[in-house]
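Each remark here refers to the structure printed beneath this line.
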Amino acid sequence: MNRSRNHSNGSALAEFDPFTPAGPQASQPDESPAQLLLKLHRLLRGRYVLALILAAAGAIAGGAAGYFSTAPKWQSYAAIRIEPIRQIILENTPEREIAYFDSYVQEQVICLEEQKTLDRAMFSPEWQKFGRGTDMKAKNKFRNSLSVFVDRNSRKWIKVRFVDGDRDAARTGVRQVIDAYREIFGPRLLIGEETVIRTLRRERERIEGEIRSYDARLREIGERFLTTELVPLHTKAIEKHRQAEEELSALERHLGQLEATRSATPDAPEKPQPPKMDWKVGSREIAKVDAAMRKLVDMRDDARLELLRLEVKYAPDSPPMREATDKLQAIERRTEELYAEWMAAHDNQLPIAPGATGVPVLATEPIEVIRAKRDFARSVADRFRDEAIAISNARRDVDSINAEIASRRKDLNRVEERLNLLTLETQQQPQSTTQVGRIEIVSDGEEATLYSDTRKKLGALGFLLGGSLPVFGVMLIGAIDRRFRYSDDAQAGTSKVPLLGILPFLPDVANDPEQAGIAAHCVHQIRTLLQIGGVEHDRKVFAVTSATSGDGKTSLCLSLGLSFAASGSNTLLIDFDMIGGGLTANMGARTDVGLLAAIDDGQLEGHVRPTAFPRLSLIPSGRDDSQEISRLSPKLVKRLIDQARKQYDVIVIDTGPVLGSIEATLVCGVADGVVLALGRGQQKGMANRAIETLRSIGAHIMGVVFNRAQAGDFKRTVSQSVRSIPMHDSGQAPSLKALPSLGPMARTVASHLRTDG
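Be aware that the sequence shown starts at 84, since it is given in my numbering, and climbs by one per residue.
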């Protein structure tokens with residue numbers, strides 16, 4: 084029989100990405116579009132028909148719901164034009180005219196949107212015929228349907244728009260609003276003086292508020308200095324400072340003379356002088372009898388006053404301050420020179436003129452006392468100087484405030500005059516033509532046009548959502564479903580364990596010879612892969628297990644035993660599933676003395692039973708072996724397997740589920756290789772737990788066999804040459820009627836022993 088090498092059941096050398104990583108994994112590169120499409124295919128596979136039916140139904144329902152969920156809206160416009168008329172309010176400036184005209188236009192917009200305008204429009208017979216109601220909900224809807232705005236390109240135009248789902252209602256609504264506006268505000272449409280009067284009154288209130296603010300500042304200054312007439316107070320403060328400076332200068336000159344005399348005769352004892360009064364002559368005393376000195380003293384006083392005034396406005400190092408300081412110093416130097424010349428010429432004596440002032444100094448006063456007087460005089464001069472500066476600042480503030488108040492009162496008088504004039508004109512001429520603007524209703528409601536029609540957009544959106552949501556729901560079901568449903572699920576979801584092959588689902592009575600032949604061929608293919616690996620690594624003992632019961636491991640074990648025997652290998656089957664005993668039952672080898680007895684005896688002789696198939700023997704499990712599982716140990720199991728290894732070419736062991744039996748872990752740990760059977764519908768988490776358990780005991784996993792695959796999935800992975808093999812029963816095969824308990828897979832393999840062997 085020709086065997087095709089174009090078999091895509093899987094390769095023992097290939098490894099696949101884990102569905103659930105067993106441990107830390109290296110970072111994976113970004114998924115390609117092909118990988119994303121493959122993931123989507125896996126989520127929808129097997130459910131495409133359901134997804135298409137639900138998507139079609141959802142798209143039709145969503146499109147219809149979106150299309151009929153709304154109705155087209157219609158709009159109708161009305162237009163009002165306001166022609167500006169020049170109106171002088173305070174000053175004839177373009178800025179003022181524009182401001183008042185804009186205010187007047189906005190006032191008309193407010194009138195159109197007032198609730199009384201809308202109420203009159205809603206209660207009109209023309210609007211009532213549409214049956215929209217007059218409750219609060221209807222009023223809010225009417226207001227939301229109305230839009231009043233000033234044209235962006237021209238401030239003269241006011242546009243009124245009404246939007247409604249009924250074409251006639253849109254035009255009627257805007258017409259009734261215009262009619263209500265005309266009825267309520269018609270007598271006032273040509274009277275612009277009211278707007279001007281309101282503006283003037285607001286201006287008057289603003290100016291009066293500013294005047295009150297300035298008056299409050301004046302009161303604060305008056306409370307501080309007890310008066311707001313600060314000129315006399317300032318003059319008096321300057322005079323006090325001048326006298327204090329003069330007394331300070333006299334004391335400093337006298338102190339300088341005493342210190343010079345003491346330094347000239349430091350060792351001479353100070354002679355006591357008779358106490359007599361001596362008058363120190365100052366520049367002011369000389370000025371009373373000398374015209375030149377009088378002129379210099381006046382110039383010095385003026386320079387000092389100017390310097391005090393400049394200190395309020397300028398910094399000490401500013402040009403005006405430097406110029407004033409230099410001028411004062413020059414005058415003081417000239418005064419000192421004239422003072423020295425005059426005293427030398429008059430022998431330091433001057434008759435005291437009537438009213439003259441001087442500094443009385445006791446000739447016998449100690450120099451320390453004179454120094455103390457000098458310091459006190461300096462502090463007095465500084466205090467008078469600070470007082471003069473404070474009064475000067477307050478005086479400047481008072482002058483500034485009074486000027487502002489005068490300016491505001493002038494503006495207030497002009498506003499009052501204009502306001503009185505307009506009030507008088509309004510009373511005498513109610514229909515005056517001197518208004519801000521003349522209003523003309525150009526259009527009271529045009530033919531309604533289409534405002535918006537979103538039915539197609541909403542229908543398309545509903546079609547997309549209605550069609551996509553069922554597909555997403557089916558994909559969600561696929562993502563939640565953690566079962567193996569197809570062979571490539573086993574490839575991608577078994578933690579880097581190779582896929583040895585797949586086996587189709589066969590009913591109890593196989594009526595499809597082609598399907599049966601393909602199944603037998605797949606078993607032989609799996610056996611061939613095991614033999615290839617076994618020759619290289621001297622592997623003879625193969626354990627067949629599963630994650631849970633019902634995955635077809637016993638059928639796979641029996642089929643592999645038949646295939647090995649058909650290939651010429653002396654094969655031993657061992658039923659190590661002591662609880663299930665499926666292999667023993669399928670072979671019809673029930674016995675009281677079985678596997679556990681062979682383990683106890685430590686030898687195979689007397690416990691191995693021949694089968695109806697050539698080169699195939701069996702060690703069955705005993706009826707009571709399940710009650711003695713606790714007696715098993717790795718050492719005993721290994722001893723039995725080692726004896727079998729010496730006598731047979733291949734040993735295939737059927738174990739219980741690796742997650743639920745003791746014997747499975749014992750056998751898989753000492754076997755040369757482990758084959759894991761995964762049935763369609765098995766949970767991926769259970770399969771990965773089984774693989775991790777096998778790895779934890781050091782088992783060598785040869786690969787995974789996906790069992791009970793669907794016919795479509797199976798045919799996609801098997802080459803055409805295999806399906807074309809002629810299938811017929813072997814004439815040398817034993818009578819299958821003698822083995823009625825063989826499963827469909829084992830019966831299929833057994834029926835093709837001669838052809839495939």
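Just so it is clear, CB atoms sit at the ideal spot from N, CA and C, and this is done for glycine as well.
Annotated three-state conformation of Pro402 is helix, per DSSP. Here Pro740 is near Thr631, since their CB atoms are less than 8 Å apart. Arg258 and Pro167 have their C-alpha atoms spaced approximately 25 Å apart.
Nearest in C-alpha terms to Glu406, of all of Val735, Arg387 and Arg417, is Arg387.
Contact annotation: Val627 and Val735 have beta-carbon atoms nearer than 8 Å. Assigned with DSSP and collapsed to three states, Ala833 falls in helix.
Look at the beta carbons and you see the segment 244-254 touching the segment 142-161: at least three pairs across the two are nearer than 8 Å. Residue nearest to Gly677 within the set Arg714, Ile193, Asn669 and Ser704 is Ser704 (criterion: CA-CA distance). Ranked by how close their Cα comes to the Cα of Leu533, the residues Val481, Asp251, Thr344 and Gln730 have Asp251 in first place.
Counting along the chain, Gln726 sits inside the alpha helix (DSSP H) bounded by residues Pro717 to Gln730. Closest in alpha carbon position to Leu759, among Asp480, Ile609, Ala374 and Asp262, is Ile609. A direct Cα-to-Cα measurement between Gly216 and Ala140 gives close to 39 Å.
Cys194 and Pro553 have their C-alpha atoms some 54 Å from each other. Cβ neighbours of Phe555 within its own chain (closer than 7 Å, five residues either side excluded): none. A check of alpha carbon separations from Pro581 across Leu612, Ile165 and Arg416 identifies Leu612 as the nearest. Under the 10 Å beta carbon count, Leu379 is surrounded by 16 or more other beta carbons and is classified as buried. Taking Glu389 as the centre and dropping the five residues before and after it, the same chain places the C-beta of Ala407 closer than 6 Å to its C-beta, in chain order.
Counting other Cβ atoms within 10 Å of its Cβ, Ser483 stays below 16 and is therefore classed as exposed.
Ser709 is positioned such that its CB atom lies no closer than 8 Å to that of Ile745. Residue pairing by DSSP puts Tyr160 in a beta bridge opposite Arg244. DSSP places Gly365 outside any alpha helix (DSSP H), giving it a letter other than H or E.
For the set Gln765, Arg367 and Gln730, the Cα lying nearest the Cα of Lys623 is the one of Gln730. With respect to Thr831, Ala603 sits close: the two C-beta atoms are nearer than 8 Å. Here Gly561 is buried, its C-beta having at least 16 other C-beta atoms within 10 Å. For a cut-off of 8 Å, the C-beta gap from Thr738 to Leu699 is around 19 Å, too long to register as a contact. Between Thr506 and Ile261, the CB-CB gap reaches or exceeds 8 Å.
Across the set Pro693, His690, Asp707 and Asp684, the C-alpha of Asp684 shows the shortest separation from the C-alpha of Leu719. Your pair Gly635 and Arg791 checks out as a contact, with CB atoms roughly 6 Å apart and the cut at 8 Å. Excluding five sequence positions before and after Pro403, the CB atoms of its chain that fall closer than 7 Å to its own CB belong to Leu393 and Tyr397, given in chain order.
In the same chain as Ala138, and ignoring 5 residues on each side of it, the C-beta atoms closer than 7 Å to its own belong to Gly550, Pro553 and Val554, in chain order. In chain order, Gly752 place their CB closer than 7 Å to the CB of Gly781, counting only its own chain and leaving out the 5 sequence neighbours on each side. The segment 453-462 makes contact with the segment 329-338, as at least three CB pairs between them are under 8 Å. Annotated three-state conformation of Arg538 is helix, per DSSP. Taking each of Ile657, Asp732 and Leu687 in turn and checking the Cα distance to Phe647, the smallest one comes out for Asp732. The Cβ atoms of Gly528 and Arg254 lie closer than 8 Å to each other.
Between Asp707 and Phe625, the beta carbon gap of about 27 Å keeps them out of contact (Cβ cut-off 8 Å).
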